[in-house]
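J.:
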Amino acid sequence: MGDITLNHYLVLSAILFSIGTAGVFLRRNLITILLSIEIMLNAVNLTFVAAGRFFAAVDGQVIVFFVMTVAAAEAAVGLALVIALFRHRESLNPEAFTSLKW
Amino acid sequence: MLLALIPLLPFAGFLVNAFLGRRLSRGVSGAVACAAMLASFAVSGLAVLRMLDAPERVLRETVYTWIASGDLVVEAAFYLDPLASVMILVITGIGSLIHIYSTAYMHEEPPGEFARYFSYLNLFAAFMLVLVLGASFPLMFVGWEGVGLCSYLLIGFWYNRRSANDAGKKAFVVNRVGDFAFILGMLLIFSQFATLDFQAVAAQAATRPVETDWGVLSTAALLLFIGATGKSAQIPLYTWLPDAMEGPTPVSALIHAATMVTAGVYMIGRNAVLFSHAPETLQIVAVIGATTALFAGTIGLVQNDIKRVLAYSTVSQLGYMFLAMGVGAFGAGIFHLYTHAFFKALLFLGSGAVIHALHGEQDLRRMGGLRRELPITYWTFLVGATAIAGIPPLAGFFSKDEILWKTFEGGHTVLWVMGVVTALLTATYMFRLVFLAFHGERREAAQAPDHGHAAGAHHGHLHDAPPAMALALIVLAIGSVVAGFVGVPPVLGGGNAIEHYLEPSFGVHAPAHAAAAAGHGTELALMALSVGVGVLGIGLAWHFFLRAPQAAGRVAESAAPLHRLLLHKYYVDELYDAVIVRPLVALSRGVLWKGVDAGVIDGAVNGAGGIVQIGAAWLRRLQTGSVRVYAASLMLGVVLVLGYYVWRYGQTAAF
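Just so you know, the sequences run in chain order A and B. Positions in the first sequence are counted from 1; adding 4 to them yields the numbering used here. Positions in the second sequence are counted from 1; adding 692 to them yields the numbering used here.
Written out as structure tokens, the structure is:
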């Protein structure tokens, strides 16, 4: 086992991102989907931090703070939407909400 | 602003009656319309007086520049010279009388309709004055189209009657044929002279040689003349005028006798220089005029509708005017226009009084003996009939004789013979009308059982013309007597004042061969001949329709085919229907409607819509509403874009 390099971080990040993507597509619960999106965001955050460290710059960390702020806001709005949707249809399955078309 | 005021006053009257008419009582709207016309008449008189004092007897007033586009500069300018002065006095003067007459004639209309009638009548006067006063072709054309519109509106005034609507449409469409030629003529003139101002065109045309062979001026003049045949009801476009009698009778008097139909004659007078440089076209004008005069006269001989007789008489008299124009006697043509306006308006208004008294009856076969019950109408009508028959010293004699003399003097013997025969016919059909309507005994319901009118309504005492109508009749009767004295020829000791007065307007001098060709003796002899012909015509009418009415029937029977031919107006309407209208309708229906419109145009529009519809029906499947499908497509897009860049990187970078 050698040192942990940038590539390790990038691979981990890619794995996390794939897990998140798979969650979005495969899970049938809106709350789980939101959680999966959070995983994807954090995978991206990890990339930023690792790259920032690699290039010895603070930009990566600055962007991560922004992402975390936005993610917090998104979670708040997203959960509110989920509650509203649930009240409407008594279901959390995204396939129950397909009436918004033509 | 004096000249602009002349058409603007009736236009103001039109605005009042058109927009406030429904709230006005009959008295007010009639008074507004009459006041507008009388004011316009007063202003016209003032303007003419000022014109007489002006240098060269011309007033020109530019209101503003209407069109300025490269070479084409058209000013909204009014132009008053002796020729226009005669016209505006006739239009506003006789127009005022007819307006006054109408207040009584139309009194049974409800107030709203009454105001509508007067608004159209005022609008007509305004456009007619624009036509006459306009200093350029485009401005004249505005008036030309405007009077056509008003003619259409007034012919179809009783829009509940299908025949009135049809007649209005016919007038409009037939006029459109002529107007198209008029526009072409206008364009040709512009392409030749780069101006459309009458004075400028005349000045430039005067510098060109007279076209002995057919040339571009002849074509331009011919196109303008075709326009005139439409508006002034000459062969081949005269068929609308007899049908136009569906309109109220005062309208027939104003538009279809005194003013609008003379616009073509006026237009030729206005372009006298142009036309006199195109002798070939003038020859055509003369031949068409004489032919129309004779042709319409023969039809007028057998018609049974009082207004139709007068309508054919108008066509015939207009033919006289064109004959005069065609032989270069522009002054004589305008003189006849002016006298004709008096006696023909009088005859129409007189027939209107008869129709009014008989509650709408127009069939001569059901009249008779009205002389005793309608004395004012009878005597004024008799004056008009005598004037048109050419009995001296009434107005018609001087003007008609002037035309015949100028025709003979110019060497057009055949046309002259046609003119004389027409004079005989004129006297005959006019006194046939007088004798049938006013003399003898009442024949109501005796004949013509084909009429659906309620015959019983005609019994009882008839009312002669009410004051407003009587006033117009009497003034016009006086006019019919004295109007001719402005044109007493030298041979009778007169100075022929009107021709000298009009001469500067035409800018052409009488042909040189005129004076020497024939002496005074010949002129007097011809004059006596035409009076004799008039008297003979009256005598014929008296013999056949008063003394021995059965003789007329016998003649009609012995020449039954001819009689039928005349009664059916030479089948010209049927001929036009078969040759022009039906093929056009068939073409429009079969090819243009079913083929081009429904097939090509609708097909293209519907086809475009159909393609979009089919495409959309297919595309809408993409819009599932499922968030996961959208996310998947987003993902797919990202993968494709990124994949492309990765692939490109792999191509360029060496691993």
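For each residue, glycine too, the CB sits at the ideal point set by N, CA and C.
Which residues, in chain order, does the segment 24-36 of chain A contribute to contact with chain B at a C-beta distance below 8 Å?
T.: Thr25, Val28, Phe29
J.: Roughly how many whole angstroms lie between the Cα atoms of Val708/B and Ala727/B?
T.: Residue mapping note: residue 708/B aligns to position 16 of the second sequence, counting from 1. Residue mapping note: residue 727/B aligns to position 35 of the second sequence, counting from 1. C-alpha separation (whole angstroms): 12 Å.
J.: Kindly indicate if chain A contains any beta-carbon less than 7 Å away from that of Ser1325/B.
T.: For this step, residue 1325/B is matched to residue 633 along the second sequence. No, no contact with chain A.
J.: Please look up how many angstroms separate the CB atoms of Gly877/B and Leu916/B, rounded, as I've assumed it's under 8 Å.
T.: Counted from its first residue, the second sequence places residue 877/B at position 185. Counted from its first residue, the second sequence places residue 916/B at position 224. About 4 Å separates the two Cβ atoms, so the contact holds.
J.: Would you please state the rounded distance, in angstroms, between the beta carbons of Leu841/B and Ile698/B? I believe it to be under 8 Å.
T.: Taking the first residue of the second sequence as 1, we reach residue 841/B at position 149. Taking the first residue of the second sequence as 1, we reach residue 698/B at position 6. Contact flag wrong, Cβ pair sits at about 20 Å.
J.: What is the residue span of the beta strand (DSSP E) that Ile759/B lies within?
T.: On the second sequence, residue 759/B is found 67 positions in, with the first residue counted as 1. First-last of the beta strand (DSSP E) with Ile759/B: 751-761.
J.: For Phe690/B, does the three-state DSSP call read helix, strand or coil?
T.: No information on residue 690/B is available, as it lies outside the stretch 693 to 1347 that chain B covers here.
J.: Alpha carbon to alpha carbon, what distance is there between Phe21/A and Ile43/A?
T.: The residue given as residue 43/A occupies position 39 in the first sequence. The residue given as residue 21/A occupies position 17 in the first sequence. Cα to Cα, Ile43/A sits roughly 7 Å from Phe21/A.
J.: Tell me which residues share the same chain as Ala1204/B and place their Cβ nearer than 7 Å to its Cβ, disregarding the 5 neighbours each side in the sequence.
T.: Residue mapping note: residue 1204/B aligns to position 512 of the second sequence, counting from 1. Caution is warranted here: a pLDDT of 44 is assigned to Ala1204/B, below 50, making its placement in the model unreliable, and the coordinate value is therefore given only provisionally. Excluding sequence neighbours, Ala1204/B sits near nothing in its chain.
J.: Between which two residues does the alpha helix (DSSP H) carrying Lys861/B extend?
T.: Along the second sequence, one-based indexing puts residue 861/B at 169. Residues 854-885.
J.: Which residues does DSSP pair with Val1283/B in a beta bridge?
T.: Indexing the second sequence from 1 puts residue 1283/B at position 591. The partner list for Val1283/B (beta bridge, DSSP) is empty, contrary to what the question assumes.
J.: Quick check on the burial criterion: 16 or more other C-beta atoms within 10 angstroms. Buried or exposed for Gln1009/B?
T.: Residue numbering aside, residue 1009/B sits at position 317 when the second sequence is read from its first letter. By the neighbour-count rule (16 or more Cβ atoms within 10 Å), Gln1009/B is buried.
J.: Secondary structure at Asp905/B, three-state DSSP: helix, strand or coil?
T.: Counted from its first residue, the second sequence places residue 905/B at position 213. Asp905/B falls in the coil class under three-state DSSP.
J.: Can you pull the chain B residues whose beta carbon is under 8 Å from the beta carbon of Glu99/A, in chain order?
T.: Against the first sequence, residue 99/A aligns to sequence position 95. What Glu99/A touches in chain B: Ser1318, Arg1320.
J.: Would you verify that the beta carbon of Thr102/A is, or is not, closer than 7 Å to some beta carbon of chain B?
T.: The residue labelled residue 102/A in the question sits at position 98 within the first sequence. For Thr102/A, the answer is yes, since a Cβ of chain B falls inside 7 Å of its Cβ.
J.: Buried or exposed, going by whether 16 or more other CB atoms sit within 10 Å of the CB of Asn11/A?
T.: In the first sequence, the residue the question calls residue 11/A occupies position 7. It is exposed - the Cβ of Asn11/A has fewer than 16 other Cβ atoms within 10 Å.
J.: What do you get for Arg91/A, buried or exposed, if any count of 16 or more other CB atoms within 10 angstroms of its CB means buried?
T.: Taking the first residue of the first sequence as 1, we reach residue 91/A at position 87. So Arg91/A ends up on the exposed side.
J.: Identify every residue that forms a DSSP beta bridge with Asp997/B.
T.: Locating residue 997/B in the second sequence gives position 305, counting from the first residue. DSSP lists Asp1055/B as partners of Asp997/B.
J.: Around the C-beta of Leu1218/B, are 16 or more other C-beta atoms found within 10 angstroms, so that it is buried, or is it exposed?
T.: Position 526 of the second sequence, counted from the start, is the residue given in the question as residue 1218/B. Buried is the call here.
J.: With distance defined between alpha-carbon atoms, name the residue in Leu744/B, Gly705/B, Gly713/B, Arg718/B nearest to Ala731/B.
T.: As a working mapping, residue 731/B is identified with position 39 in the second sequence. For the residues Leu744/B, Gly705/B, Gly713/B, Arg718/B, the minimum Cα distance to Ala731/B belongs to Gly705/B.
J.: Met779/B: buried (16+ other C-beta within 10 angstroms of its C-beta) or exposed?
T.: Here residue 779/B corresponds to residue number 87 of the second sequence, with the count starting at 1. The residue is buried, with at least 16 neighbouring Cβ atoms inside 10 Å.
J.: Express the C-alpha separation of Pro1253/B and Gly939/B in angstroms, rounding to a whole number.
T.: As a first step, residue 939/B is located in the second sequence; it is residue number 247 there, counting from the start. As a first step, residue 1253/B is located in the second sequence; it is residue number 561 there, counting from the start. The straight-line gap from Cα to Cα measures roughly 31 Å.
J.: Over the uninterrupted alpha helix (DSSP H) stretch that includes Ile35/A, give me the two end residues.
T.: Position 31 of the first sequence holds residue 35/A. Counting along the chain, the alpha helix (DSSP H) containing Ile35/A begins and ends at 34-59.
J.: Give me the Cα-Cα distance between Leu1332/B and Leu104/A, rounded to the nearest whole angstrom.
T.: The residue given as residue 1332/B occupies position 640 in the second sequence. The residue given as residue 104/A occupies position 100 in the first sequence. A direct Cα-to-Cα measurement between Leu1332/B and Leu104/A gives close to 27 Å.
J.: Please tell me whether Trp1351/B and Leu821/B are closer than 7 Å, where the distance is taken between their beta carbons.
T.: The question about residue 1351/B has no answer, for chain B in this structure spans 693 to 1347.
J.: Count Cβ pairs between the segment 1033-1053 of chain B and the segment 1013-1022 of chain B that sit closer than 8 Å; are there 3 or more?
T.: no
J.: Mind checking if Ser883/B is an interface residue toward chain C, Cβ cutoff 7 Å exclusive?
T.: Note that chain C does not occur in the displayed structure, where the protein chains are A and B.
J.: Are Ala807/B and Leu946/B touching if we call contact CB-CB under 7 Å?
T.: In the second sequence, the residue the question calls residue 807/B occupies position 115. In the second sequence, the residue the question calls residue 946/B occupies position 254. Contact flag unset, no.
J.: Looking only at C-alpha atoms, which of Asp935/B, Ser944/B, Glu1094/B, Ile918/B sits nearest to Phe816/B?
T.: Numbered from its first residue, the second sequence carries residue 816/B at position 124. If we check each option's Cα against that of Phe816/B, Ser944/B comes out closest.
J.: Suppose you measure from the CA of Arg93/A to the CA of Leu1326/B; what does that come to, to the nearest Å?
T.: Taking the first residue of the first sequence as 1, we reach residue 93/A at position 89. Taking the first residue of the second sequence as 1, we reach residue 1326/B at position 634. Computed Cα separation, rounded: 26 Å.
J.: What is the residue span of the alpha helix (DSSP H) that Glu1065/B lies within?
T.: By 1-based counting over the second sequence, the position of residue 1065/B is 373. First-last of the alpha helix (DSSP H) with Glu1065/B: 1062-1065.
J.: Tell me whether Gly1335/B sits in a helix, a strand or coil according to DSSP, three-state version.
T.: Translated into the one-based positions of the second sequence, residue 1335/B becomes position 643. The answer is helix: DSSP assigns Gly1335/B an H, G or I state.
J.: Excluding five sequence neighbours on each side, which residues of the same chain lie with their C-beta closer than 8 Å to the C-beta of Tyr851/B?
T.: Here the question's residue 851/B lines up with position 159 in the second sequence. Asn857.
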